[in-house]
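Colleague: As they're listed, the protein sequences go chains A and B. Position 25 (the first sequence) corresponds to 7 in my numbering; numbering is contiguous. Position 235 (the second sequence) corresponds to 379 in my numbering; numbering is contiguous. Quick one: the structure is below, questions incoming.
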Amino acid sequence: MSLTQTEMLDGRVIARHPPKYFAHGVTAVWTRRLIVLGALVLWEIWTRLAGNSELIAPPSSIVRALFSDILSDAAIRGAIMLTLFEVVSAYALAIVVGLAMGLAIGSTNLSRRSLFPVVLLLYAIPQVILLPLFTLGFGIGPAAKIAFGFSHGVFPILVNVVAGMRNVNPLYLKAARSMGARRSDIIRNVTFPHMVASFFTGLRLSMTMTLLGVILAELYVSTAGVGYFTKLFAETFDPAPLFALIGTLAIMAIGLNEIVRAVERRFTRWKDWAP
Amino acid sequence: MKETSPLPARAIQLGFLASLMAAWFIIGRTGAISPLFVPPMEAVWRAFIALVQTDQFWSAVATTLRTIGEAYGIAVTSGVLIGYLVTRSRFLTQVLEPIVSGFFAIPITLFFPLFILLFGIGPASKVAYGAAYGFFPIALNTIAGLAGVNRNYLNAARSMGLSSFGTFRHVLFPAAFPVILTGLRIGFFICFASVLGGETISSVSGVGRNIALAAELMEPARMYAWIVVVIATALALNTLVSMVENRMRLY
Chain A
-17 MSLTQTEMLD
-7 GRVIARHPPK
3 YFAHGVTAVW
13 TRRLIVLGAL
23 VLWEIWTRLA
33 GNSELIAPPS
43 SIVRALFSDI
53 LSDAAIRGAI
63 MLTLFEVVSA
73 YALAIVVGLA
83 MGLAIGSTNL
93 SRRSLFPVVL
103 LLYAIPQVIL
113 LPLFTLGFGI
123 GPAAKIAFGF
133 SHGVFPILVN
143 VVAGMRNVNP
153 LYLKAARSMG
163 ARRSDIIRNV
173 TFPHMVASFF
183 TGLRLSMTMT
193 LLGVILAELY
203 VSTAGVGYFT
213 KLFAETFDPA
223 PLFALIGTLA
233 IMAIGLNEIV
243 RAVERRFTRW
253 KDWAP
Chain B
145 MKETSPLPAR
155 AIQLGFLASL
165 MAAWFIIGRT
175 GAISPLFVPP
185 MEAVWRAFIA
195 LVQTDQFWSA
205 VATTLRTIGE
215 AYGIAVTSGV
225 LIGYLVTRSR
235 FLTQVLEPIV
245 SGFFAIPITL
255 FFPLFILLFG
265 IGPASKVAYG
275 AAYGFFPIAL
285 NTIAGLAGVN
295 RNYLNAARSM
305 GLSSFGTFRH
315 VLFPAAFPVI
325 LTGLRIGFFI
335 CFASVLGGET
345 ISSVSGVGRN
355 IALAAELMEP
365 ARMYAWIVVV
375 IATALALNTL
385 VSMVENRMRL
395 Y
């Protein structure tokens, strides 16, 4: 739910870019690695000496559980693949619908002024309270997870597309118009390239939100997915495979985020040399 | 850059809400969609009136509000404190900021079963979960705000002989305040949503639990009544927070 990347002020969304003052010196990188390593060692020692083995597992047994319990179990592998499938489907739906609705709402002044506040109003509702309703409507299978992930993921894209279309420097539009560009030329050559940055902020945020929605729905009720197994391990006080499963999902989340980032770098490269 | 809403835009907004209400009313009358999924408007209203008169309603609201209050309190205190301590040195900021933001990239919801395991099924696990979720935006924005203060201002204040507390009071804090305030606001709504989410997923009391319970007992009218209460609260809080924020920005 990293709303830090988009900020809503007076209904206008400003995309914030990562701050520049965090230079990454070599010493800093190595100190950071040492701190993380030290924390893992402390965790290992503490859980072995004083920890409650029903609640917390040492890192070494988590890694062992990852191979012996999680990756070797076909049912759990299937659950992880199912979650991945749910996230990807919900995300694809969110991109298509969010982009289409964003372009429709942002295309004219009237539609933006009248419909954008409605969208922001819906965005402000904590959607998790509608989770039981999604289960009622879509059942306890993957459909409810996809629908809930979609409902979380669609708003960041929609909002950022509308904001991106609005944030184009009016001077460029005026210049293009005075040089005789047609409406379609302006959209293709001026609005679109300038919308890309904002659109990708939306894509990144949407990936986080889609994951959140799918995982929430999985945890709420699930008979075969990841949610079922996390509940099983938590209720039987078996922390090592629980940590291992959560770790696998966390790595999946980071991987998906990195894919979006890589695509973003590929498509915003022109900005580095554009005047 | 205020988004002005002229008359036609307002009319379309009102029309949108009115048609939504009308659609709900007609669906309730004709039964086009199963009343199990969309109950008629009058039934929801009756359920709402009945709900407000029960003690159960007020105790659930009190539990949830207390949980949110405690979670947010912990998140603000720890987030601002850790953000402040981390930015005391430039090197520390470089080392630790990526660790904090790296953790924030992982959905904390994944760890929800751990919170239940460690803190039980009562409000304590939701306090911890809400606090953990709220901590990150607050800490990250505090770090960004304090580390982003122009060094020239600090050097100027120091060279003109301001004490370190004076520098904090008159230069560092006012310069970083808008960014920290944004973090506090985002942190609050994340706290709010995650406490309700935690209650919905796995809990014994609170508003979220009651919504899930109404759904499990197939009482859609009562569930809708609860949902309306939460949506109204969320929108009211949104308005209130932006009012407070505008006031504080003026200061």
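Glycine included, C-beta positions come from ideal geometry on N, C-alpha and C.
Please list, in chain order, all residues of the same chain as R210/B whose beta carbon is under 8 Å from its beta carbon, the five residues on each side excluded.
Modeller: Residue numbering aside, residue 210/B sits at position 66 when the second sequence is read from its first letter. Cβ within range, chain order: P267.
Colleague: Taking the alpha-carbon of V141/A as reference, which of E200/A, L201/A and M83/A has the nearest alpha-carbon?
Modeller: One-based indexing of the first sequence puts residue 141/A at position 159. Closest by alpha carbon: M83/A.
Colleague: Going along chain A in order, which residues have a C-beta closer than 7 Å to the C-beta of A376/B?
Modeller: What you label residue 376/B is simply residue 232 of the second sequence in a count that begins at 1. Ordered by position in chain A, no residue passes the 7 Å Cβ test against A376/B, which lies about 10 Å from the chain.
Colleague: Beta-carbon separation of L113/A and L198/A under 8 Å?
Modeller: The count along the first sequence starts at 1 and reaches residue 113/A at position 131. The count along the first sequence starts at 1 and reaches residue 198/A at position 216. Contact: yes.
Colleague: Rank G341/B, L328/B, A204/B and V374/B by C-alpha distance to the C-alpha of G289/B and give the top, closest one.
Modeller: Here residue 289/B refers to the residue found at position 145 of the second sequence. Minimum Cα distance to G289/B is reached at L328/B.
Colleague: Answer yes or no: does any C-beta atom of chain A fall closer than 8 Å to that of F160/B?
Modeller: As a position in the second sequence, residue 160/B is number 16, starting the count at 1. At least one chain A Cβ lies under 8 Å of F160/B.
Colleague: What does the alpha-carbon distance come out to for the pair G292/B and T207/B?
Modeller: Taking the second sequence and counting its residues from 1, one reaches residue 292/B at position 148. Taking the second sequence and counting its residues from 1, one reaches residue 207/B at position 63. Approximately 39 Å, taken between the alpha carbons.
Colleague: Counting C-beta neighbours from all protein chains within 10 Å, is the total for N285/B 16 or more, i.e. buried, or is it exposed?
Modeller: The residue labelled residue 285/B in the question sits at position 141 within the second sequence. When all chains shown are included, N285/B counts as buried.
Colleague: I need the DSSP call for L306/B, collapsed to helix, strand or coil.
Modeller: Taking the second sequence and counting its residues from 1, one reaches residue 306/B at position 162. L306/B falls in the coil class under three-state DSSP.
Colleague: Could I get the ranges of all uninterrupted alpha helix (DSSP H) runs contained in the segment 309 to 361 of chain B, with 4 residues as the minimum, in chain order?
Modeller: 317 to 345 and 351 to 360
Colleague: At what residues does the alpha helix (DSSP H) containing F116/A begin and finish?
Modeller: The residue given as residue 116/A occupies position 134 in the first sequence. Looking at the DSSP string, the run of the alpha helix (DSSP H) that includes F116/A is L113 to F120.
Colleague: Pull up the distance between the alpha-carbon of V245/A and that of F247/B, whole angstroms please.
Modeller: Start at 1 with the first residue of the first sequence, and residue 245/A comes out as number 263. Start at 1 with the first residue of the second sequence, and residue 247/B comes out as number 103. Taking the straight line joining both Cα atoms gives about 22 Å.
Colleague: Would Q200/B count as contacting chain A if we go by Cβ distances under 8 Å?
Modeller: By one-based count along the second sequence, residue 200/B stands at place 56. No - not a single Cβ of chain A is within 8 Å of the one on Q200/B.
Colleague: Are the C-beta atoms of L118/A and some chain B residue less than 8 Å apart?
Modeller: Position 136 of the first sequence, counted from the start, is the residue given in the question as residue 118/A. Chain B, which has a Cβ nearer than 8 Å to the Cβ of L118/A, makes this yes.
Colleague: Just to confirm before moving on: does the CB-CB distance between A378/B and A106/A stay below 8 Å?
Modeller: Residue 378/B sits at position 234 when you count from the first residue of the second sequence. Residue 106/A sits at position 124 when you count from the first residue of the first sequence. It is a contact, given that the beta carbons lie within the stated cut-off.
Colleague: Leaving out the 5 sequence neighbours to the left and right, which residues in its chain are closer than 6 Å to G209/A when beta-carbon positions are compared?
Modeller: In the first sequence, residue 209/A corresponds to position 227, counting from 1. Excluding residues within five positions, the ones whose Cβ falls inside 6 Å are E200 and L201.
Colleague: Sorted by chain position, which residues of the same chain lie with C-beta nearer than 8 Å to A222/A's C-beta, five sequence neighbours on each side aside?
Modeller: Position 240 of the first sequence, counted from the first residue, corresponds to residue 222/A. Cβ within range, chain order: A39, S43, I44, R46, A47 and D51.
Colleague: Could you tell me how far apart the beta carbons of A145/A and S180/A are, in whole angstroms, since I believe they sit closer than 8 Å?
Modeller: The residue given as residue 145/A occupies position 163 in the first sequence. The residue given as residue 180/A occupies position 198 in the first sequence. By a beta-carbon distance limit of 8 Å, A145/A contacts S180/A. Their separation comes to about 6 Å.
Colleague: When DSSP labels each residue in this structure, what does R295/B get in the three-state scheme?
Modeller: Sequence index remark: in the second sequence, residue 295/B carries index 151 (1-based). Residue state, collapsed to three classes: helix.
Colleague: What does the Cβ neighbour count give for Q109/A, buried or exposed, with the cut at 16 atoms within 10 Å?
Modeller: Taking the first residue of the first sequence as 1, we reach residue 109/A at position 127. It counts as buried.
Colleague: What does the Cβ neighbour count give for V101/A, buried or exposed, with the cut at 16 atoms within 10 Å?
Modeller: Taking the first residue of the first sequence as 1, we reach residue 101/A at position 119. Buried: at least 16 other Cβ atoms inside 10 Å.
Colleague: Quick test of the definition: if touching needs 3 or more C-beta pairs under 8 Å, does the segment 168 to 186 of chain A touch the segment 118 to 129 of chain A?
Modeller: no
Colleague: Is it the case that the Cβ atoms of A10/A and F235/B are separated by a distance below 8 Å?
Modeller: Taking the first residue of the first sequence as 1, we reach residue 10/A at position 28. Taking the first residue of the second sequence as 1, we reach residue 235/B at position 91. Contact: yes.
Colleague: What do you get for W156/A, buried or exposed, if any count of 16 or more other CB atoms within 10 angstroms of its CB means buried?
Modeller: Counted from its first residue, the first sequence places residue 156/A at position 174. For clarity, residue 156/A is Lys in the given sequence; the question names Trp instead. Classification for K156/A: exposed.
Colleague: So the alpha helix (DSSP H) F131/A belongs to, where does it begin and stop?
Modeller: Here residue 131/A refers to the residue found at position 149 of the first sequence. Rather than Phe, the amino acid found at residue 131/A in this sequence is Gly. Counting along the chain, the alpha helix (DSSP H) containing G131/A begins and ends at P124 to R148.
Colleague: If contacts are defined as beta-carbon pairs under 8 Å, then V150/A and T173/A qualify, I think. What distance do you get, rounded to the angstrom?
Modeller: Within the first sequence, residue 150/A is the residue found at index 168, counting from 1. Within the first sequence, residue 173/A is the residue found at index 191, counting from 1. Indeed they touch by this definition, with Cβ atoms about 6 Å apart.
Colleague: Using CA atoms only, rank isn't needed, just tell me which of N354/B, G175/B, L258/B and S386/B is closest to F201/B.
Modeller: Along the second sequence, one-based indexing puts residue 201/B at 57. The residue with the shortest Cα to Cα distance from F201/B is N354/B.
Colleague: Suppose the cutoff is 8 Å on Cβ atoms and the five residues either side in sequence are ignored; what does the same chain contact list for G207/A look like?
Modeller: Here residue 207/A refers to the residue found at position 225 of the first sequence. Hits under 8 Å: A61, L64, T65, E68, P124, K127 and E200.
Colleague: Quick one: is G7/A near chain B, going by C-beta distance under 8 Å?
Modeller: Against the first sequence, residue 7/A aligns to sequence position 25. It does: the Cβ of G7/A has a partner Cβ on chain B nearer than 8 Å.
Colleague: State the Cα-Cα distance for the pair D55/A and L214/A, rounded to the nearest angstrom.
Modeller: In the first sequence, residue 55/A corresponds to position 73, counting from 1. In the first sequence, residue 214/A corresponds to position 232, counting from 1. The straight-line gap from Cα to Cα measures roughly 14 Å.
Colleague: Considering only the beta carbon of each residue, do I240/B and V230/B sit closer than 8 Å?
Modeller: For the purposes of this step, residue 240/B is identified with residue 96 of the second sequence, where counting begins at 1. For the purposes of this step, residue 230/B is identified with residue 86 of the second sequence, where counting begins at 1. For the sequence presented, residue 240/B should be read as Leu rather than Ile. Judged by their CB atoms, L240/B and V230/B are nearer to each other than the 8 Å cut-off.
Colleague: With DSSP collapsed to three states, give me the class of M161/A.
Modeller: Position 179 of the first sequence holds residue 161/A. It is coil, neither helix nor strand.
Colleague: Assuming G172/B is part of the alpha helix (DSSP H), what are its boundary residues?
Modeller: Taking the first residue of the second sequence as 1, we reach residue 172/B at position 28. Unbroken alpha helix (DSSP H) run through G172/B: L151 to T174.
Colleague: Since I139/A contacts G88/A with CB under 8 Å, what's their CB separation in whole angstroms?
Modeller: Position 157 of the first sequence, counted from the first residue, corresponds to residue 139/A. Position 106 of the first sequence, counted from the first residue, corresponds to residue 88/A. The beta-carbon separation of I139/A and G88/A, rounded to 12 Å, does not stay under the 8 Å limit for a contact.
Colleague: Kindly list, in the order they appear in chain A, the residues whose Cβ is closer than 8 Å to that of I402/B.
Modeller: The requested residue 402/B is not part of the displayed model; chain B covers only 145 to 395.
Colleague: In whole angstroms, give me the CA-to-CA distance for V348/B and P175/A.
Modeller: On the second sequence, residue 348/B is found 204 positions in, with the first residue counted as 1. On the first sequence, residue 175/A is found 193 positions in, with the first residue counted as 1. Straight-line measurement puts the Cα of P175/A at about 51 Å from the Cα of V348/B.
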